[in-house]
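For the record, the sequence lines run as chains L and P.
Count along the first sequence from 1, then add 12; that gives the number in our numbering.
Count along the second sequence from 1, then add 1; that gives the number in our numbering.
Just so it is clear, CB atoms sit at the ideal spot from N, CA and C, and this is done for glycine as well.
Notes for the one structure printed next.
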Amino acid sequence: MLQPWNKNGLTVAERLQAEGISRRGFLKFCATTASMMALSPSMVPAIARALENAKRPSVIWLSFQECTGCTESLTRSHSPNLETLILEQVSLDYHHTLQVASGEAAEEAREAAMKENNGRYLVVVDGSIPVDNGGVYSTIAGITNLEMLRETAEGAAAIIAVGTCAAFGGIGYAKPNPTGAMPVSAIISDKPVINVSGCPPIPTVISGVLAHFLTFDKLPEVDDLGRPITFFGQSIHDRCYRRPFYDRGLFAESFDDEGAKKGWCLYRLGCKGPATYNACATTKWNEGTSFPIEAGHPCLGCSEPDFWDMGGFYQPLSTPTGDVTRTLVYGVVAGALIGAAAGSMARTRKIKAQKEHYKVTTDDLEESS
Amino acid sequence: MSTPAERATNAFKEQIDGPIASYLSSCVHCGMCAHACLFYTETEDPRYTPINKVEPLRRVWKSEYTFFGKLASKFGLTKSVTDELLKEWELLIYDACTLCGRCSMVCPVGNDIAYMIRKTREGMIAAGYAPRGLKDATYRAVTVGSPMGVKLPALKAQIKHVEKDTGLKVPLDVEGADYMALLSSMEIMNFPEYIEALTRLFDKAGVSWTLCSEAFEATNSGMQIGSSDIEGELIQRIVDGAEKLKVKYVISPECGHAYYALRWEGPNVIGKKYPFEVVHILELLDQLRAQGKLKVEGKLDQKLTFHDPCQIVRKGGVVDEPRRLLNMVSSNFVEMEDAGVMNWCCGGGGGVSANERAEPLKLTVFNRKKSQLEKLGVNTMVTACANCRINLEEGIEHTNMDVEVVGLAETLAEHLAD
Chain L
13 MLQPWNKNGL TVAERLQAEG ISRRGFLKFC ATTASMMALS PSMVPAIARA LENAKRPSVI
73 WLSFQECTGC TESLTRSHSP NLETLILEQV SLDYHHTLQV ASGEAAEEAR EAAMKENNGR
133 YLVVVDGSIP VDNGGVYSTI AGITNLEMLR ETAEGAAAII AVGTCAAFGG IGYAKPNPTG
193 AMPVSAIISD KPVINVSGCP PIPTVISGVL AHFLTFDKLP EVDDLGRPIT FFGQSIHDRC
253 YRRPFYDRGL FAESFDDEGA KKGWCLYRLG CKGPATYNAC ATTKWNEGTS FPIEAGHPCL
313 GCSEPDFWDM GGFYQPLSTP TGDVTRTLVY GVVAGALIGA AAGSMARTRK IKAQKEHYKV
373 TTDDLEESS
Chain P
2 MSTPAERATN AFKEQIDGPI ASYLSSCVHC GMCAHACLFY TETEDPRYTP INKVEPLRRV
62 WKSEYTFFGK LASKFGLTKS VTDELLKEWE LLIYDACTLC GRCSMVCPVG NDIAYMIRKT
122 REGMIAAGYA PRGLKDATYR AVTVGSPMGV KLPALKAQIK HVEKDTGLKV PLDVEGADYM
182 ALLSSMEIMN FPEYIEALTR LFDKAGVSWT LCSEAFEATN SGMQIGSSDI EGELIQRIVD
242 GAEKLKVKYV ISPECGHAYY ALRWEGPNVI GKKYPFEVVH ILELLDQLRA QGKLKVEGKL
302 DQKLTFHDPC QIVRKGGVVD EPRRLLNMVS SNFVEMEDAG VMNWCCGGGG GVSANERAEP
362 LKLTVFNRKK SQLEKLGVNT MVTACANCRI NLEEGIEHTN MDVEVVGLAE TLAEHLAD
């Protein structure tokens, strides 16, 4: 991924050519990006022009309390593809998993990039930030994640929180959260933060957000959880190819029953698709090959906040997640009492009406009536 | 004395029960019932959407039985039942509904809309808002004993004719017979061949039966106009007659709503169990067929079809019986589109045929049956309801079609083996 940056003299067109990608292929990518981001087709030339002429912004990638899955997701491509090329349009000045430099040299690269591009660089964060006890639970080069984030964010143009840990806290934030892990948005409030959630997020979504930033110099429109609305606007359930089975009430009840073999809906096996917003069902994974539900496994809901604490992965959505027995008992008793009271009131009303019954006789049927 | 609107409101309160409350609260306003109703499909008038016909009942439910409705009515924000509303809805509830129940079959949330319209009629008649023709018919049913004003001497005259034609005795007031047969006035006056058919079929099958001079009328205008009081009074006459003759079964004739009133609503409106069983003539004939007591010979080879009377097919589930019987005597029986439980109404049920005001509308909606028949290209249609029969004949006459309508029992009787 980290390219020898002495290629800087090359234009995008030249670079693409060198990688064996035709201009036609590049325009196709621009068109796909435009449609993916729900932009008008007239924007395609604008995207192409912007990407061609874009000044390579400096990107500082900070990996905190995480598993490197997000980086894996982004770099997992079998051949150089357009997503990687887009990444080449950025100057990835610091990424401690990928960079060659180590130790002091690595930290110097970060500091140099911050100084040189002050106010213009992008910060990508993956992993949550532990804040308890001064943030001692995760440090890099002796600097706590908390301190590094604050310091790096100060001169940033925008921050992209990649992955559910950075976006919503993820597994570090899950109960009992021993390190006091926090998402980026809980710490940084004075900079635009966009959440590209998912465990891991879809590579196309990361590159799409980057493409948008390169083209328009700003982050795309977001939903109420700060996620780009074009990718997180619809639930997995709404776009799921198994949806017709749900609508007809055909459910797999176990992983090896007839229903599972016939590809019926996995709702009763704990699928969180109805409550999960992401692009898996349309964009899919591994270069559009498949996605979990297509492979026969329920959606875990990984792009949603608190997905680790939403009860068992194999518990259907309608099953309560906590210990609700007591509340339930009170609720049932109260409900029954209210119901009985309402019922008896309704009955009283009906009995009263029956007492006042008007008997229809032949008098009512005659002409004068 | 309370005002008509108050009487209607009180009657609606009496009628709102668990099912009605759950139906009204679960309606999703999908409009599927509109497309199931021939009054809508043939006119495309949205007022004829079945669920819209229960608006007066819905208003009372909303303001009396729902939280927000009760809250709103405290502030005087709810719409109450007014004379104007009842007057307007009389045309929808009586003229544009045959209680055929097709809407209930298609409702995706399972609302029995026809049942609600039947209940809404209770309030309408309590307030006096019902069509003149239906009021007159009901008046005659209570005072004379028949909506068409048929009295015992007329029946006796027909019996005499039948006895002369068949050479058989028509049993009248035979105590201890197994079956007591009922008739509809329409059969006595327009289709006496039904009485003849019964006489011959039962003679051959060895059925012990009788007519009752005090309870021969099966039709129930009280049910059609929507008054449980009058419906109960008419049902009670049949119960008294059956008890007096100590019969085990009462046979509902070839009449749709009579069957519905007698078999399903009767015990509820009189508030007690019958000391006998009610059986529809088609059910009995099919039973005799199964027992090998119904022997026929010769088959009609002309193309013919069967019109399902709504109350018999949808309320009674009598679907296969007429088909098994018809196939005994026909070699070219064809089904019309939507045959069986989803068949379309003749357009004159539920009191519409007694309502002169509704005649133009009734003839308009007959187009549905007309197109069903035209697709088949038949010249003979068999049915098992005298009211359907007269309605179909009227429609056929009006549209200059060449189709003969016959009753099922008489068709069977014509083929009885010697």
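Asked                                                                                                                               : Found
Distance, residue 30 of chain P Cα to residue 110 of chain P Cα                                                                     : 10 Å
Span separating the alpha-carbon of residue 230 of chain L from that of residue 25 of chain P                                       : 51 Å
Integer Cβ distance of residue 216 of chain P from residue 233 of chain P, believed to fall under 8 Å                               : Not quite, the Cβ-Cβ distance comes to about 14 Å (not below 8 Å), so this is no contact.
Closest Cα partner of residue 294 of chain L within the set L:38, L:214 and L:251                                                   : L:251
Beta-carbon neighbours of residue 143 of chain P, restricted to chain L and to distances below 9 Å                                  : 373, 374 and 377
The beta strand (DSSP E) enclosing residue 73 of chain L, as first and last residue numbers                                         : 70 to 75
Closer than 9 Å to chain L by CB, residue 252 of chain P                                                                            : no
For residue 285 of chain P, the three-state DSSP class (helix, strand or coil)                                                      : helix
Sequence-distant residues of the same chain with beta carbon closer than 7 Å to residue 328 of chain L, five excluded per side      : 279, 280 and 282
Sub-9 Å separation of residue 181 of chain P and residue 250 of chain P beta-carbons                                                : yes
Buried/exposed call for residue 345 of chain L, threshold 16 Cβ in 10 Å                                                             : exposed
Of the residues P:350, P:7 and P:157, the one placed nearest residue 213 of chain P, counting alpha carbons only                    : P:157
Residue closest to residue 266 of chain P, alpha-carbon to alpha-carbon, out of P:289, P:7, P:326 and P:231                         : P:231
Inter-residue Cα distance where the pair is residue 193 of chain L and residue 216 of chain L                                       : 27 Å
Among L:198, L:308 and L:145, the one whose alpha carbon lies nearest that of residue 268 of chain L                                : L:308
Per-residue contacts from residue 365 of chain L into chain P (C-beta, under 7 Å)                                                   : 11, 14 and 15
Burial state of residue 102 of chain P, where buried means 16 or more other Cβ atoms lie within 10 Å                                : buried
Buried/exposed call for residue 103 of chain L, threshold 16 Cβ in 10 Å                                                             : buried
Within chain P, partners of residue 361 of chain L - CB distance below 7 Å                                                          : 14 and 65
contact_flag[the region 284 to 291 of chain L, the region 186 to 206 of chain L] where n(CB pairs < 8 Å) is 3 or more               : no
Alpha helix (DSSP H) segments (min. 4 residues) lying fully within the region 70 to 96 of chain P                                   : 84 to 91
Ordered list of beta strand (DSSP E) runs contained in the region 184 to 268 of chain L, each at least 3 residues                   : 205 to 208
Nearest to residue 23 of chain P (by Cα), restricted to the options P:397, P:53, P:4 and P:59                                       : P:59
Within 9 Å, strictly: CB atoms of residue 134 of chain P and residue 355 of chain P                                                 : yes
Neighbour flag for residue 258 of chain L against chain P, beta carbons, 9 Å                                                        : no
Residue from P:222, P:42 and P:146 whose Cα sits closest to the Cα of residue 126 of chain P                                        : P:222
Stretch-stretch touch, CB-based, cutoff 8 Å, three pairs: the region 350 to 357 of chain L with the region 69 to 89 of chain P      : no
Interface partners of residue 369 of chain L on chain P, CB under 7 Å                                                               : 15
4-residue-minimum alpha helix (DSSP H) runs that sit fully inside the region 292 to 340 of chain P, ordered along the chain         : 321 to 330
Validate contact between the region 366 to 373 of chain P and the region 333 to 348 of chain P using beta carbons, cut 8 Å, 3 pairs : yes
Three CB pairs or more closer than 8 Å across the region 40 to 60 of chain P and the region 359 to 372 of chain L                   : no
Contact between the region 102 to 122 of chain L and the region 72 to 80 of chain L (3+ Cβ pairs under 8 Å)                         : yes
Range covered by the alpha helix (DSSP H) that runs through residue 258 of chain P                                                  : 257 to 260
Partner residues on chain B for residue 352 of chain L, Cβ-Cβ distance less than 7 Å                                                : Annotation note: the requested chain B is absent from the structure, which comprises protein chains L and P.
Whole-angstrom distance between residue 328 of chain P and residue 296 of chain P, CA atom to CA atom                               : 13 Å
Opening and closing residue of the alpha helix (DSSP H) in which residue 6 of chain P lies                                          : 5 to 16
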